[in-house]
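The block underneath contains the structure these notes are about, expressed in structure tokens.
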Amino acid sequence: DHRDLHSFPTRRSSDLVYGGGCTALGLVATSTPPREAGVQIPVIQVLLDHGAEVEHPNLAGGGSDAVYACLANGCPEAAQYLADHGARVGIIGAAGIGRLDVVRELADTADNSRREMALRYAAGYGQPDIVTFLLDRGVAIDAHHGDNQTALFYAILGDRLGVVRLLLARGANPGLHTQ
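Residue numbering for the sequence shown follows my numbering, starting at 1 and increasing by one per position.
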């Protein structure tokens, strides 16, 4: 019942595919039409059964890892499925699919930009434990990439009322304007 994050300010699968480098697995995993049709996971499994590589060097185009690319394109079920089937999970992807263990492991070595993006994805995909962990580790609550689209903005887009309340209780600025 929560909206997906397809409208988040990230590169869309069509940009990545038309720019080159996407595999069939990357295309289906990052596309909302197969998700909306209810065939995304079965098609992913068919491709995996026929030798598609979860860790293809440029699975989803644009140099993104598969889990992150799925989340950036509003396909959290595909992100989780690929992670469960051996896809590499970075801090941003881990935050989005609720893998606190991975976020804990990577938090100290990730650069500030990646920790901030992890906070936004945790907020947008409704992961309050990860939001709390990252805030407790000093990630700036109102961090953004110059567009004022903060964790609060992502939580609102994802219809994550509990996370919205958490962020506001922790001091998120509700008065920032997006650009």
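C-beta atoms are modelled at their ideal positions from N, C-alpha and C, and glycine is treated no differently. Keep in mind the model is a prediction, meaning the values are calculated, not measured.
Between the C-alpha atoms of Arg104 and Ser31 there is a straight-line separation of about 29 angstroms. For Arg88, there is no enclosing alpha helix (DSSP H), as DSSP marks it with neither H nor E.
A Cβ-Cβ separation of about 10 angstroms leaves Gly93 out of contact with Tyr125 under the 8 angstroms criterion. Rounded to whole angstroms, the gap between the alpha carbons of Leu25 and His145 is 29 angstroms. With a 10 Å radius around the Cβ and a threshold of 16 neighbouring Cβ atoms, Ser64 comes out buried. When the alpha-carbon of Val164 is set against those of Leu134, Asp136, Val139, Gln127, the nearest one is in Gln127.
Arg115 places its beta carbon 9 angstroms or farther from that of Arg88. The Cβ-Cβ distance between Ile141 and Leu167 falls below 9 angstroms.
Residue range 40-49 is occupied by the alpha helix (DSSP H) that includes Gln45. Rounded to whole angstroms, the Cβ separation of Ile91 and Ala110 is 5 angstroms, and the two are in contact under 8 angstroms.
A contact is defined here as three or more CB-CB pairs under 8 angstroms, and the region 71-78 fails this definition with respect to the region 45-58. Thr32: member of the alpha helix (DSSP H) spanning 32-36, first to last residue.
With respect to Thr150, Ala118 sits apart: the two C-beta atoms are not nearer than 9 angstroms. Collapsing the DSSP output to three states places Gly96 in a helix. Short of 7 angstroms from the beta carbon of Thr178, and not among the five residues preceding or following it, lie these beta carbons of its own chain, in chain order: Asp147, Asn148, Gln149, Phe153.
Ala29 is the residue among Ala29, Arg35, Pro33, Ala122 whose C-alpha sits nearest the C-alpha of Leu48. Across the structure, Ala83 and Gln45 are spaced so that their CA atoms are roughly 13 angstroms apart.
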